[in-house]
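Asks:
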Amino acid sequence: MLVLTGAGVSTESGLPDYRSERVGLYARTDRRPVEFQTFLRNEEARRFYWARNFIGWPYFSQVQPNTSHHILADWASNKRLFAIITQNVDRLHHRAGCNRILELHGTSHYVVCLTCQHRFGRAELQQMFLELNPSWAVYDGKEKVVAPDGDVELSPSQTQGFKIPTCPQCGDGILKPDVVFFGENLPPWRKTEAAQLVDNADSLLCLGTSLQTFSSYRLVLQACERKLPVSIVNIGPTRADSLAQLRLYSRISTTLEMADRLLSKYK
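With the first letter of the sequence shown counted as 1, position 211 gets the number 211 in the UniProt record's numbering; the numbers rise by one all the way through.
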């Protein structure tokens with residue numbers, strides 16, 4: 001079994017999803033993720049993004065896996081699933097101890113230079129921010145709503161004067177989280193690896209994702225073309241509901257705990 005996970009898997013760790021009705025970030029705030037081209041072309045947009053990310057990082061970086069992450073890691077170790085493709089950028093599957101993971105949209109725990117491709121840890125960048133902006137050290141992010149990518153809500157006026165570093169390797173490159181922004185294409189190698197995982201699967205289980213992004217919806221279409229059984233568990237409707245053989249409207253942990261109890265009888 002191949003598992004495809006989305007933000008709904010991490011909500012019980014304290015990270016909201018984007019699209020769930022009434023409770024998702026889009027429903028509760030006016031905040032929308034920055035578009036890739038805006039980030040690339042607009043220095044003020046980068047300042048605004050990084051200031052908010054700086055505030056959210058202390059909380060985001062300490063978030064811990066929940067029951068769902070641990071159950072999936074246990075299933076992986078017991079060969080009940082052979083891989084996880086996650087749309088999440090929080091690395092919680094890794095922290096739970098799962099090894100066979102493809103981060104479809106990258107990870108917020110690394111930063112990449114758009115000029116020389118130098119890649120380094122987000123924690124190192126946090127220290128660079130503190131050195132450039134010592135007066136911001138009083139913020140811990142705990143009073144803000146942290147988004148699935150580690151962002152928090154601030155106004156543009158609050159971020160004026162925030163200094164952002166350039167690449168420590170080449171000296172002048174723009175730094176960006178090693179995640180796929182809205183409007184940005186998936187790296188070809190990642191798209192290929194995801195397709196290969198679907199080709200090697202005997203079934204697909206989608207957890208906590210509305211499948212609104214084509215990068216994930218494409219994988220369901222591929223599974224259907226191969227006539228694989230597709231199951232979806234989410235608290236709200238998804239783009240692929242009509243394609244699934246099994247569809248459950250439920251919290252992810254509730255369903256996985258029930259499934260795990262049933263599976264334990266067949267060890």
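No residue lacks a Cβ here, since even glycine has one placed at the ideal position from N, Cα and C. Source: prediction; values computed, not measured.
Return the chain-ordered list of same chain residues with a C-beta closer than 7 Å to the C-beta of residue 100, the five sequence neighbours on each side being excluded.
Replies: For residue 100, where only same-chain residues beyond five positions count, the Cβ hits under 7 Å are 76, 82, 83 and 84.
Asks: Are the region 182-195 and the region 206-224 touching, with three or more C-beta to C-beta distances below 8 Å?
Replies: Yes, since at least three Cβ pairs between the region 182-195 and the region 206-224 fall closer than 8 Å, the two stretches touch.
Asks: Using 8 Å for Cβ pairs, my map puts residue 108 next to residue 177. What's the rounded Cβ distance?
Replies: Yes, they are in contact, since the Cβ atoms of residue 108 and residue 177 sit about 5 Å apart, within 8 Å.
Asks: Report buried or exposed for residue 10, applying the criterion of at least 16 other Cβ atoms within 10 angstroms of its Cβ.
Replies: Answer is buried; the Cβ neighbour count reaches 16.
Asks: Taking only three categories from DSSP, how would you classify residue 266?
Replies: Three-state DSSP puts residue 266 in coil, outside helix and strand.
Asks: Given this structure, state the Cα-to-Cα distance separating residue 52 from residue 188, to the nearest angstrom.
Replies: Near 30 Å, if we compare the C-alpha coordinates of residue 188 and residue 52.
Asks: Residue 89 by DSSP, collapsed to three states: which one?
Replies: Residue state, collapsed to three classes: coil.
Asks: DSSP on residue 134, reduced to helix/strand/coil?
Replies: Residue state, collapsed to three classes: helix.
Asks: When you compare only the Cα positions, how much space is there between residue 55 and residue 173?
Replies: Approximately 22 Å between the Cα atoms of the pair.
Asks: Among the residues of its own chain, which have a CB less than 8 Å from the CB of residue 132, if the five just before and after it don't count?
Replies: If we look at residue 132 and ignore the five residues flanking it on each side, its Cβ neighbours are 163, 164 and 165.
Asks: Could you spell out where the beta strand (DSSP E) holding residue 198 opens and where it closes?
Replies: Where residue 198 is concerned, there is no enclosing beta strand (DSSP E), although the alpha helix (DSSP H) it sits in stretches over 188-199.
Asks: Does DSSP put residue 29 in a helix, in a strand, or in coil?
Replies: Low per-residue confidence applies at residue 29: pLDDT is 48, beneath 50, and the placement is therefore not dependable enough to give any value.
Asks: Cα-Cα, which of 222, 105, 259 and 214 is closest to residue 289?
Replies: The chain is shown only over 1 to 267; residue 289 falls outside these bounds and no answer can be derived.
Asks: Suppose contacts are defined by Cβ-Cβ distances below 8 Å. Is residue 208 in contact with residue 14 by that definition?
Replies: Their beta carbons are not under 8 Å apart, which means residue 208 does not touch residue 14 by this criterion.
Asks: Closer than 8 Å is the cut-off here; do at least three beta carbon pairs connect the region 34-44 with the region 179-188?
Replies: The answer is yes - the region 179-188 touches the region 34-44, with three or more Cβ pairs under 8 Å.
Asks: Could you give the first and the last residue of the continuous alpha helix (DSSP H) run that contains residue 71?
Replies: Note, residue 71: alpha helix (DSSP H), 67-77.
Asks: For residue 3, list the residues DSSP reports as bridge partners.
Replies: 84 and 205.
Asks: Roughly how many angstroms separate the alpha carbons of residue 254 and residue 5, rounded to a whole number?
Replies: Distance between the alpha carbons of residue 254 and residue 5 is about 15 Å.
Asks: Would you mind working out which of 130, 91, 115 and 98 sits nearest residue 50, comparing C-alpha positions?
Replies: Nearest of 130, 91, 115 and 98 to residue 50, Cα basis: 130.
Asks: What's the call for residue 66, buried or exposed, on a 16-neighbour Cβ count within 10 Å?
Replies: Buried, by the Cβ-count rule.
Asks: Grouping DSSP H, G and I as helix and E and B as strand, with all else coil, what is residue 94?
Replies: If DSSP states are grouped into helix, strand and coil, residue 94 belongs with the helices.
Asks: What's the gap between the Cα of residue 238 and the Cα of residue 211?
Replies: Taking the straight line from one Cα to the other gives about 6 Å.
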